[in-house]
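Asks: Below you will find the structure I want to go over with you.
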Amino acid sequence: MAESGSLVPIWPMLVVPTLQVISDGQSRHRREIFDAVADYAKVGDEARAETLKSGSTRFEQRMGWALSNLSKARWVVRPERGRYLITEAGRTALAQYPGGFDYGLAKVVFAPFWPEKTKVDSTHAATSPQADEVSDPVEVIEDAIARIEARVGDELLDRLRDSHPDFFEQAVVGLLLKMGYGGAAQRGKRIGGTNDEGVDGLIDQDALGIDQVYIQAKRYKEGNNVGREAIQAFVGALHGFGASRGVFLTTSAFTGGAIEYANKVPSRIILIDGSRLVELMIAYRVGVQEEKHFSAVEVDEDYFN
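In this text, residue positions in the sequence shown follow our numbering: the first is 24, and each later residue adds one.
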């Protein structure tokens, strides 16, 4: 079983496979165990490639949490740095729990080994929506941040849709500059208006303006999607400027016909819909500010090897 949106098994589901791969009594290195468990549990390449915002892979994060709990329960020991060995208690557990673990069982079995400050009292357990989810704390934090960013993204879209067209055009130019287009000199400007000839912004990629990116920005309500005709008009405007590259941004979405047309025309047209737009604004801190900053630590395995 994997959590919604992830192909990686939850860490309790990795407990028994971990015990299985070291059940022969041989000590194995952490990396060797990870690879063996991935094979045993049939964790595919796509699942193993899933990354967290911290940069680590989701599979390695969950394997680390599984090994941590196995160590606390003394089902495995570390005879040498970075190496793990099953104990008699681990063999007993392997025989006792042949069906493996889910969140509920993992909480019952491993909670007695957790530090007191991480345990949830009965009152909290009755009211917490995640009381039965013994998740990796890093993933809990990242999931919470994702929910915050989703809420902020919705608010950003509302603000952009209600803004003046000039403000929106300047905002998308500012976003692309913040993303690194226009170089250190920030060579970009809004050129929208009644005589904009179908282009709302222009970014010079070099000091002489030889390499240019043209921008079109449509401030549409949800459901009022950008169609093929609008993309065709933008391509025509690019040809009028002798340009071959452009970015089309909207606060709504693009129809299937618009996406198909943009993908097949010789001009390089990048389409950014409302969801992607606010995602980029949050990532590059445009129109938002950091409310709080959190950091998490883990043992540096390379330091001890």
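Positions of the beta carbon are idealized from the N, C-alpha and C atoms, including for glycine.
1) Near A89, which residues of its chain fall below 6 Å by C-beta distance, leaving aside the five closest residues on each side in sequence?
2) Quick check: what's the CA-CA separation for K201 versus A59?
3) Below 8 Å CB to CB, which residues in the same chain sit around S145 once its five sequence neighbours on both sides are set aside?
4) Taking F190 as the reference, give the member of G203, K212, Y204 with the closest Cα.
5) Buried or exposed for F317, please, with buried defined as at least 16 other CB atoms from any protein chain shown within 10 angstroms of its CB.
6) To which residues of the same chain is F82 closer than 8 Å at the C-beta, ignoring the five residues directly before and after it?
7) For the putative contact between W10 and G87, defined by C-beta atoms under 8 Å, what is the C-beta separation to the nearest angstrom?
8) What ranges does the alpha helix (DSSP H) occupy inside the stretch 50-129, keeping only unbroken runs of at least 4 residues that lie completely in it?
9) Taking the continuous alpha helix (DSSP H) assigned at Y284, which residues delimit it?
10) Count the other C-beta atoms from every protein chain shown that fall within 10 angstroms of the C-beta of E313, then say buried if there are 16 or more, exposed otherwise.
11) Quick check on the burial criterion: 16 or more other C-beta atoms within 10 angstroms. Buried or exposed for S46?
12) Do you know how far the Cα of T278 is from the Cα of Q14?
13) Between the Cα of V196 and the Cα atoms of I233, P289, Q209, which residue gives the shortest distance?
14) Report the three-state DSSP secondary structure of T41 (helix, strand or coil).
15) Beta strand (DSSP E) containing F271: first to last residue?
16) Hey, is V249 close to the ligand FMN, as in C-beta under 8 Å from one of its heavy atoms?
Replies: According to the data block:
1) W34, L37, V38, T41
2) 43 Å
3) For S145, the predicted model reports a pLDDT of 36, less than 50, meaning its position is unreliable and no value from the coordinates is stated.
4) K212
5) exposed
6) V31, F57, A61, V66, A70, R71, E73
7) Because the chain in this structure spans residues 24 to 328, residue 10 falls outside the shown range and cannot be described.
8) 53-63, 68-71, 81-95, 111-119
9) 279-287
10) exposed
11) exposed
12) An answer regarding residue 14 cannot be provided, because it is not within the stretch 24 to 328 covered by the chain.
13) Q209
14) helix
15) 268-273
16) Judged by which ligands are present, the structure shown has none, so any question about the ligand FMN falls away.
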